[in-house]
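For the record, the sequence lines run as chains B and G. Heads up: the first sequence is residues 1 to 174, going by our numbering. Heads up: the second sequence is residues 1 to 205, going by our numbering.
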Amino acid sequence: MILLLLDLFVQFAILNVIAFGGITALLPELHRLVVEQRMWMDSTTFAHLFAIAQSAPGPNLLVVSLIGWKVAGIPGAIVATLAISLPMSVFIYVFYRHWERFRTAPWRAAIQVGVAPLAVGLVCASGWLIAASAGLDYRGVALVVVCTVLMFYRHWHPLWYIAAGAAAGAAGLV
Amino acid sequence: MPNPDGKSGVTPAAEAGATPGLLELFLACSRIGLSGFGGVLPLLRHMLVEQRRLLDGPEFNALLGLCQFLPGSNVINLAVCVGARLHGVRGAIVVTAGLLIAPFALMMGLAALYGLWGHLAIVQDMLRGIAAAGAGLLFATGLKMAQAMHERWLYLPFAVLILVAMVVLKLPLPPLMLALLAVTAGLAWWRARRALAEAGKVPRP
């Protein structure tokens, strides 16, 4: 158990430090790590945990807490949450006072431009992996496409899409 | 968690003496954590900038710029900056814990329900529907980010590259991220230098 928690902490702490583009951009790597490499859960469970996190309030890193819960219960959830937030939190606490000096540095602008396409690719990969993990048939795929198009063109609150998805699922439509 | 005594702590950012105490800050952040569906950031901004005037708009944007630039959760990064500014290390812990603890507890409650009833067909059907809608939200977010991108034609191939590397090749992200970031950021840096050189502002690199 201690070894499992230690492994969880180390793996997720590494992800925290490379999470350019935020937590959403980490979903493909989380899937690779916990489903394919460590085999801590199956792909469907991963999609379920994502769905639960989407339906509840709070910062979006809580999907990582749920993954930790699946791996090792409440201690796993606590360890996963700390690992995915603590390293950069400590860094930022030390660094934020000096930020003004770096804000206008050319390398800072270059990294920001460079991160953008990688974040785009990773967020789309997240969508792809969640859709592929959820066990969707053609009707489910149609729902993904409809939600993508509507969300892109209309500024409705995300909760409406989540509610519609739950209703469609419960009604046996997807 | 530190003792939320509500009064003590250094308050470097307090101009009008209006900086809330630790307990008040914790409760305000808990409320935000529990009401932030699909994004906590707008609510945090509203509380800090408009409601309590702890930061002005440009200050908030500067801190957010830092937090979006650095890896990790933008919300947690921002919570650390803002908390540290208001109450030092205790403030950083209180704001972060405030945003996380209540929704974390709620999430554990949902996890327990999932543990009990996750095998039921109706629950699986609902979660499948939600996952489909959520995947749509992710794609839409990716498309919006692509639309907002600087010099799209040049950088979009790297988006496709990392997508294929993750989804098809299943490569581990840490080395992939660092390698591709070195290439894309290097490209951006080189183009920025060249643009400056063409404008005659700096000597050729």
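Backbone N, C-alpha and C fix where the C-beta goes; we use that ideal spot for every residue, glycine too.
Check: Chain G within 9 angstroms of TRP69(B), Cβ atoms only; Outcome: yes
Check: Members of the stretch 117–134 of chain G that neighbour chain B once the beta carbon cut-off is set at 9 angstroms; Outcome: GLY118, ILE122, VAL123, GLN124, ASP125, MET126, LEU127, ARG128, GLY129, ILE130, ALA131, ALA132, ALA133, GLY134
Check: LEU64(G) versus ARG85(G): straight-line alpha-carbon distance, rounded; Outcome: 13 angstroms
Check: Any C-beta of chain B under 9 angstroms from that of GLY57(G); Outcome: no
Check: CB contact below 9 angstroms: MET88(B) versus chain G; Outcome: yes
Check: LEU136(B) vs ARG128(G) beta-carbon contact at 9 angstroms; Outcome: yes
Check: MET178(B) - containing alpha helix (DSSP H), residue span; Outcome: Within the shown structure, residues of chain B are numbered from 1 to 174, placing residue 178(B) beyond reach of any answer.
Check: Residue-level contact to chain B via CB, ALA28(G), 9 angstroms cutoff; Outcome: no
Check: Neighbour list for VAL17(B) in chain G, Cβ cutoff strictly below 7 angstroms; Outcome: PRO71
Check: Close-in-space but distant-in-sequence residues of the same chain around GLU29(B) (CB under 7 angstroms, 5 per side omitted); Outcome: LEU15
Check: Check whether LEU62(B) and MET107(G) have beta carbons under 9 angstroms apart; Outcome: yes
Check: Start-end ranges of the alpha helix (DSSP H) lying completely within the stretch 89–156 of chain G, minimum 4 residues; Outcome: 121–147
Check: Distance CB(HIS159(G))-CB(ALA148(G)) smaller than 9 angstroms; Outcome: The residue asked about is misnamed: residue 159(G) is Ala in this sequence, not His. No, they are not a contact pair.
Check: contact_flag[the stretch 18–34 of chain G, the stretch 86–103 of chain G] where n(CB pairs < 8 angstroms) is 3 or more; Outcome: yes
Check: Through-space distance from SER133(B) to SER126(B), alpha-carbon basis; Outcome: 10 angstroms
Check: When ALA192(G), ALA97(G), GLN68(G) are compared against ILE32(G), the one with the closest alpha-carbon; Outcome: ALA97(G)
Check: Amino acids of chain C, ordered along the chain, whose beta-carbon sits closer than 7 angstroms to that of SER126(B); Outcome: No chain C is present in this structure, whose protein chains are B and G.
Check: Integer Cβ distance of ILE18(B) from PRO71(G), believed to fall under 8 angstroms; Outcome: 6 angstroms
Check: Residue of ALA53(B), PHE12(B), LEU27(B) minimising C-alpha distance to ILE162(B); Outcome: ALA53(B)
Check: Pick from TRP117(G), VAL183(G), ALA111(G), ALA195(G) that is closest to TYR155(G), judged by C-alpha positions; Outcome: VAL183(G)
Check: Beta carbon proximity, GLU151(G) to chain B, threshold 9 angstroms; Outcome: yes
Check: Any C-beta of chain G under 9 angstroms from that of ARG103(B); Outcome: yes
Check: Partner residues on chain B for ALA49(G), Cβ-Cβ distance less than 8 angstroms; Outcome: Correcting the residue identity first, residue 49(G) is Val in this sequence and not Ala. Correct list: empty, because the minimum Cβ distance to chain B is about 17 angstroms.
Check: In chain order, each alpha helix (DSSP H) run of at least 4 residues that lies wholly inside the stretch 51–110 of chain B; Outcome: 62–95, 99–103
Check: Residue-level contact to chain G via CB, PHE12(B), 9 angstroms cutoff; Outcome: no
Check: Helix, strand or coil at LEU12(B) [DSSP, three-state]; Outcome: According to the sequence shown, residue 12(B) is Phe rather than Leu. PHE12(B) falls in the helix class under three-state DSSP.
Check: First through last residue of the alpha helix (DSSP H) which encompasses SER30(G); Outcome: 22–35
Check: Cutoff 6 angstroms; reference PHE12(B); Cβ partners in own chain excluding five residues on either side; Outcome: ALA80, ALA83, ILE84
Check: CB contact below 9 angstroms: ALA199(G) versus chain B; Outcome: no
Check: Proximal residues, the stretch 29–44 of chain G versus chain B, C-beta separation under 8 angstroms; Outcome: GLY33, LEU34, SER35, GLY36, PHE37, GLY38, GLY39, VAL40
Check: Min CB distance VAL183(G) to chain B below 9 angstroms; Outcome: yes
Check: Cutoff 8 angstroms; reference ALA131(G); Cβ partners in own chain excluding five residues on either side; Outcome: none
Check: Under 8 angstroms by beta carbon: chain B residues contacting PHE104(G); Outcome: GLY58, LEU62, SER65, ALA77, THR81
Check: Beta carbon proximity, ALA110(B) to chain G, threshold 9 angstroms; Outcome: yes
Check: Proximity test, Cβ basis, 9 angstroms: ALA53(B) and chain G; Outcome: yes
Check: Test item: CB-CB of PHE37(G) and PRO158(B) under 9 angstroms; Outcome: yes
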